[in-house]
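Reviewing the structure listed below.
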Amino acid sequence: MDPLDFLTHEEMIRFLRCKKTEISSYIEEPRTFLNQLRDHDLVPENLYQKVKKMKNKERKQEGVYEILDWVENKREQHVGLFWRCMFRDHLLQKYPIFRLLRNSLLDGSYRISENLPKADDPSSNTEAERKEKKQQQKKGATKRKKSGEETDEEERGPSSVSSKKKPAMKPTLSQLLEKGELPVTCGDKEGTLYKDKLARGEMCILSDGVWFTPCDFERFSGRGNSKNWKLTIRCQNITLYKFIQEGNLQCPRTYRDYGRKGVRFSSSCVESSSSSASSQSASSVVTDESSEDHEEWTENEDSEQEEEEEDSDTVDLSEFQDFALPVSCGSVSGLIYKDRFTGSRSKSIRTEERWFTPEEFVKQELTLTDGHWKKDILCHGKTLNYLVKKKILYIHSLQCPCRLCCPENRLDQDNDDVCYICNSVGNLVCCDECPRAFHHHCHLPTLQEDTLGDNWMCTCCVLKNNHRLWLHMSREGALSSPVSGNMMRCEYLLLQLYKADRQRVFTSDPTKRVERYSSVISKPMWLNRVKTKLQKDKYRTVRQFVRDIKLIFTNCQTFNKVNKYGRMGAKMKKEFEKEFNSIFKIQ
């Protein structure tokens, strides 16, 4: 549920106007906030640079307020985009103030200030209005003395004072969520839902002195077949499904039937945990697959359309055999890594920017306000629900003890498990700005443990942050410029070549591994040699660096005229030219 769907354009502007001071006072480290605005053209470059360079805490807060004021006055037509940017997951995690504002929109408490008199409205405090207010208060006092039946009838009238005051006395949704007890209804049945019991998978709804599971409460109300409880049970006319999607309620993926026998594990769970741990938990853990035959704590997602999808023409499952599969949700795309996937909350989908859980990935498609990961994330035209049913993906059990379900440090899942350059495991250094990880010797410049610091950015991120500041150049100007002033660009280009050379065709000395190479090629060149020359300051101009790079691919094409390596060399050379023009902003 997108809270912005309930606001008009004018309300969103007013909400920003009322919250500017509050936001600026809470944002002490505005870098991520500034980058988000800059990425969506919601802040001018000069103002961005000005605030970014501020060191003093008070000045930073003043700078953030100045930016918010600029957005309100200069980007008024894009205020909806502003709030959608602020409510993205990474900002909600970084700055709790935006989570509070989002909750304020959800529970409606933001409307309390809407009826306050405006500062520039002199008629709001006229003598006539004050007298009218006193008269209304007297009427309200008289009404409260009447019988309950009469009071109820009169409170429905539009002029009633007490009818306006009573809703304000009710606790808001945020207060109820904080307390952990929600009044819920299903059909004509009422009850109280306890958040902590729901999260533990216990009987969590108390109604008429009896405890129910959500499934049983739905059946008790006479609504449905106990498979649609997230949609039929409501709190203040909002389905529990909405609360769960927004992260305000947590629930297990399955309802554990402790009396059930024949419990099964997914192979990935068993393999990733020790045999002793598996044997201890086997009696109490049920996978999503094994729970499908009895009561589940999930909505009825197996619609007729999905059943038709499964029973349709035979699908060639060979296209799902790769360790990483392309996925998309609307306009958002990424790769899902099968060895990382354990369910809805596993960080298993990698985009260019970061790792997402399936639940988070769905929310990146802003036009999809009520999406669900199982049915809205597609892989080769099939839903993830289909991939789970075909056992291409495995959902781990709720109490699975494997390292993916119970990691020592969840922040480790924000970065890749293998080196970005050589695609192998080992002692990796993780970038704090992007998902990439590197071996010390694979990165350029080579990493030294004592100089890394607490907040390290890889060359790719440093270049990205600086690229907008660089001026456009002519090709001749770029080639003639000194390497010393363009070291970052050269290191980045070389890193991309190492990354692209997956078969390590161009990495090492070809004269030592290819017969007759020296008899054909008079000036051999390879990436490791270019790297050494770059690190030892052997290049004076960018032209010399580029000449050696091109020599690698020219030699490859000369030696391999009619085979795949020759075509590979031509392709790499073309890609290098394209990347070079982009990095140096060749006009």
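Using the working numbering, the letters of the sequence shown map in sequence onto residues 717 to 1303.
Even glycine gets a Cβ: it sits at the ideal position worked out from N, Cα and C.
Could you name each continuous beta strand (DSSP E) segment of 3 residues or more that falls completely within the stretch 741 to 823, going from the start of the chain to the end? none
What are the uninterrupted segments assigned as beta strand (DSSP E) that are 3 or more residues long and contained completely in the stretch 1227 to 1260, given in chain order? none
What does the alpha-carbon distance come out to for the pair residue 1049 and residue 723? Translated into positions along the sequence shown, residue 1049 becomes position 333. Translated into positions along the sequence shown, residue 723 becomes position 7. Taking the straight line from one Cα to the other gives about 29 angstroms.
So does the stretch 1035 to 1050 actually touch the stretch 914 to 929, counting three or more Cβ pairs closer than 8 angstroms? no
Once the 5 residues before and after residue 1131 are set aside, which same chain residues still bring their CB inside 8 angstroms of it? For this step, residue 1131 is matched to residue 415 along the sequence shown. Contacts found: 1071, 1144, 1146, 1147, 1151, 1152, 1153.
Excluding sequence positions up to five away, which residues of its chain have a Cβ less than 8 angstroms from the Cβ of residue 732? Counting from 1 along the sequence shown, the entry for residue 732 is found at position 16. Around residue 732: 784, 787, 788, 795, 798, 799.
Assigned secondary structure, residue 923 (DSSP; H/G/I helix, E/B strand, else coil): Walking along the sequence shown from the start, residue 923 turns up at place 207. Residue 923 falls in the strand class under three-state DSSP.
Is the distance from the Cβ of residue 1261 to the Cβ of residue 1206 below 8 angstroms? Along the sequence shown, read from residue 1 onward, the residue named residue 1261 stands at position 545. Along the sequence shown, read from residue 1 onward, the residue named residue 1206 stands at position 490. Yes, the pair counts as a contact, with Cβ atoms nearer than the cut-off.
Where the beta strand (DSSP E) containing residue 1048 begins and where it ends: The count along the sequence shown starts at 1 and reaches residue 1048 at position 332. It spans 1048 to 1053 - the beta strand (DSSP E) in which residue 1048 sits, taken as one unbroken run.
Beta bridge counterpart(s) of residue 1284 as assigned by DSSP: Along the sequence shown, one-based indexing puts residue 1284 at 568. According to DSSP, which records beta bridges pairwise, residue 1284 is partnered with nothing at all.
Spell out a yes or no on whether the stretch 1272 to 1284 and the stretch 1153 to 1173 are touching, meaning 3 or more CB-CB pairs, one atom from each, closer than 8 angstroms. no
Closer than 8 angstroms is the cut-off here; do at least three beta carbon pairs connect the stretch 768 to 785 with the stretch 733 to 750? yes
Roughly how many whole angstroms lie between the Cα atoms of residue 1341 and residue 805? For residue 1341 there is no data in the structure shown, the boundaries of the chain being 717 and 1303.
If you follow the beta strand (DSSP E) that residue 1103 is in, where does it begin and where does it stop? To locate residue 1103, count along the sequence shown from 1; it is residue 387. Here residue 1103 belongs to no beta strand (DSSP E); instead the alpha helix (DSSP H) covers 1100 to 1105.
Just reading off the alpha helix (DSSP H) that residue 1214 is part of, what are its end residues? The count along the sequence shown starts at 1 and reaches residue 1214 at position 498. Looking at the DSSP string, the run of the alpha helix (DSSP H) that includes residue 1214 is 1203 to 1216.
Run through the DSSP bridge pairs and tell me what residue 728 is partnered with. Within the sequence shown, the letter at position 12 stands for residue 728. Partner(s): none; residue 728 has no beta bridge.
Could you give the distance in angstroms between the alpha-carbon of residue 1321 and the alpha-carbon of residue 1266? Because residue 1321 is not part of the residues shown, which for the chain are 717 to 1303, the question remains open.
I need the boundaries of the alpha helix (DSSP H) containing residue 1076, first residue and last residue. The residue given as residue 1076 occupies position 360 in the sequence shown. 1074 to 1079 is the span of the alpha helix (DSSP H), which, as asked, contains residue 1076.
Residue burial classification, residue 1300 (beta-carbon count within 10 angstroms, cutoff 16): Start at 1 with the first residue of the sequence shown, and residue 1300 comes out as number 584. Classification for residue 1300: buried.
Which whole-angstrom value is the C-beta distance of residue 1160 and residue 1211, which I expect to be below 8 angstroms? Within the sequence shown, residue 1160 is the residue found at index 444, counting from 1. Within the sequence shown, residue 1211 is the residue found at index 495, counting from 1. Confirmed, about 5 angstroms.
Straight-line gap, residue 736 to residue 762 (C-alpha atoms, nearest Å): Within the sequence shown, residue 736 is the residue found at index 20, counting from 1. Within the sequence shown, residue 762 is the residue found at index 46, counting from 1. Between residue 736 and residue 762, the C-alpha separation is close to 20 angstroms.
Starting from residue 1135, follow the beta strand (DSSP E) in both directions and report where the run begins and ends. Within the sequence shown, numbered from 1, the residue matching residue 1135 stands at position 419. Residue 1135 -> no beta strand (DSSP E), and no H or E assigned at all.
Decide if residue 1314 is buried, meaning its Cβ has at least 16 other Cβ atoms within 10 Å, or exposed. The chain is shown only over 717 to 1303; residue 1314 falls outside these bounds and no answer can be derived.
Can the beta-carbon of residue 1094 be found less than 8 angstroms from the beta-carbon of residue 1043? Start at 1 with the first residue of the sequence shown, and residue 1094 comes out as number 378. Start at 1 with the first residue of the sequence shown, and residue 1043 comes out as number 327. Yes; because the gap between Cβ atoms is below 8 angstroms, this pair is in contact.
For a quick check, are the C-beta atoms of residue 1213 and residue 1292 less than 8 angstroms apart? Counting from 1 along the sequence shown, the entry for residue 1213 is found at position 497. Counting from 1 along the sequence shown, the entry for residue 1292 is found at position 576. A contact, by the Cβ cut-off of 8 angstroms.
Do the stretch 1167 to 1179 and the stretch 1193 to 1202 make contact, defined as three or more Cβ pairs closer than 8 angstroms? no
Identify the residues that DSSP records as bridge partners of residue 1108: which are they? Along the sequence shown, read from residue 1 onward, the residue named residue 1108 stands at position 392. Partner(s): none; residue 1108 has no beta bridge.
When the distance is taken between beta carbons, is residue 949 closer than 8 angstroms to residue 902? Position 186 of the sequence shown, counted from the start, is the residue given in the question as residue 902. Position 233 of the sequence shown, counted from the start, is the residue given in the question as residue 949. Yes, these two residues count as a Cβ contact at 8 angstroms.
Using the Cβ count rule (16 or more neighbours within 10 Å means buried), how would you classify residue 961? Against the sequence shown, residue 961 aligns to sequence position 245. The residue in question, residue 961, is buried, as its Cβ has 16 or more Cβ neighbours within 10 Å.
Should residue 882 be labelled buried (16 or more other beta-carbon atoms within 10 Å of its own) or exposed? By one-based count along the sequence shown, residue 882 stands at place 166. Since pLDDT at residue 882 reaches only 39, below the 50 mark, its modelled position is unreliable, and the value read off the structure follows with that caveat. Burial call: exposed.
Would you kindly report the start and end of the unbroken beta strand (DSSP E) that includes residue 893? Position 177 of the sequence shown holds residue 893. Run containing residue 893: none in the beta strand (DSSP E); it sits in the alpha helix (DSSP H), 889 to 895.
I need the boundaries of the beta strand (DSSP E) containing residue 905, first residue and last residue. Taking the first residue of the sequence shown as 1, we reach residue 905 at position 189. 905 to 910 is the extent of the beta strand (DSSP E) around residue 905.
Short check: CB of residue 1078 to CB of residue 1092, under 8 angstroms? Within the sequence shown, numbered from 1, the residue matching residue 1078 stands at position 362. Within the sequence shown, numbered from 1, the residue matching residue 1092 stands at position 376. Contact flag set, yes.
Is it buried or exposed for residue 978, if we count other Cβ within 10 angstroms and need 16 for buried? Stepping through the sequence shown from its first residue, residue 978 is reached at position 262. Note that residue 978 has pLDDT 31, beneath the 50 cutoff, so the model's placement of it is unreliable and no number is given.
Under three-state DSSP, which class holds residue 1034? Residue 1034 sits at position 318 when you count from the first residue of the sequence shown. Residue 1034 falls in the helix class under three-state DSSP.
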